Amino acid sequence: MLVRPPLRIDRARSVTWRLHHAAAAVTVGPLTVVSTHLNPMSGYRRYREATWLAARYRRRGPVLIAGDLNACSPSDDPDPSEGRSDPRAIRAFERAGLVDLWRLAGSGDGCTVPTGGGVGDAFRPMRLDYVFGTPAVVPRVREVRVLRGGEIEYASDHYPVVVELIAGNS
Numbered sequence: 065m066l067v068r069p070p071l072r073i074d075r076a077r078s079v080t081w082r083l084h085h086a087a088a089a090v091t092v093g094p095l096t097v098v099s100t101h102l103n104p105m106s107g108y109r110r111y112r113e114a115t116w117l118a119a120r121y122r123r124r125g126p127v128l129i130a131g132d133l134n135a136c137s138p139s140d141d142p143d144p145s146e147g148r149s150d151p152r153a154i155r156a157f158e159r160a161g162l163v164d165l166w167r168l169a170g171s172g173d174g175c176t177v178p179t180g181g182g183v184g185d186a187f188r189p190m191r192l193d194y195v196f197g198t199p200a201v202v203p204r205v206r207e208v209r210v211l212r213g214g215e216i217e218y219a220s221d222h223y224p225v226v227v228e229l230i231a232g233n234s
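Heads up: the sequence shown runs through residues 65 to 234, numbered per our numbering.
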């Protein structure tokens, strides 16, 4: 996670319990940001991981949960039988009251895979990377965008997602 000066990370911690990979949680002032990578192999396990993360963080004030969720939103892919990913993890975040910030303030097509130089034919263009926010964050969301071009094309098999928030005191 990158933080633009003059902001700084006040607290950082790993979240490993109940997750296939892990998550990192940082606090910057009143905001908590959780970066995660959900299970790539099992839709059911992704659903359980999403349910657990949402329950753990949804009532903690301003929170962002972001990362490779290995799932497509039902809004993006209404028919998962066509080969896209199981949407239950996305629905778990939404049922917990978290807001898909791309739907709120996204610009461009939102696809986060494949990158131009990193993956080749591994994925069809789709959005697997998300940023969900608690209702306390929603009024501060200015813009959500996917970065593309230059060296970003080779840095990962996923494009990074940027969320710009309006600064506030609480």
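All C-beta atoms in this analysis are idealised placements derived from N, C-alpha and C, irrespective of residue type, glycine included.
Note that the coordinates shown come from a computational prediction; the quantities given were computed from them, not determined experimentally.
Going by C-alpha positions, Y111 is about 8 Å away from I154.
Sequence-distant Cβ neighbours of L133 in its own chain, meaning closer than 6 Å and more than five residues away, are L102, A153 and Y194.
In this structure, DSSP gives T96 an extended state, which the three-state scheme calls strand. When beta bridges are read from the DSSP output, M190 appears opposite V177.
The beta carbon of C175 sits closer than 8 Å to the beta carbons of P189, M190, R191, V210 and Y223 from its chain, once the five residues preceding and following it are set aside; these are given in chain order.
Non-local beta-carbon contacts of T96 in its own chain, meaning distances under 8 Å to residues more than five positions away in sequence, involve A89, V90, Y121, R124, G125, P126, V127 and L128 in chain order. Only residues of its own chain outside the window of five on either side were considered, and among them L229, I230 and G232 have a CB closer than 7 Å to the CB of R204, listed in chain order. A direct Cα-to-Cα measurement between S220 and G161 gives close to 30 Å.
DSSP links T91 through a beta bridge to R75 and T96. Taking the CA atoms as reference points, L71 sits about 8 Å from G93. At least 7 Å separates the beta-carbon of V226 from that of A169. Within the same chain, Cβ atoms closer than 7 Å to the Cβ of S99 are found at M65, A87, A88, A130 and G131, the five residues on either side in sequence being excluded.
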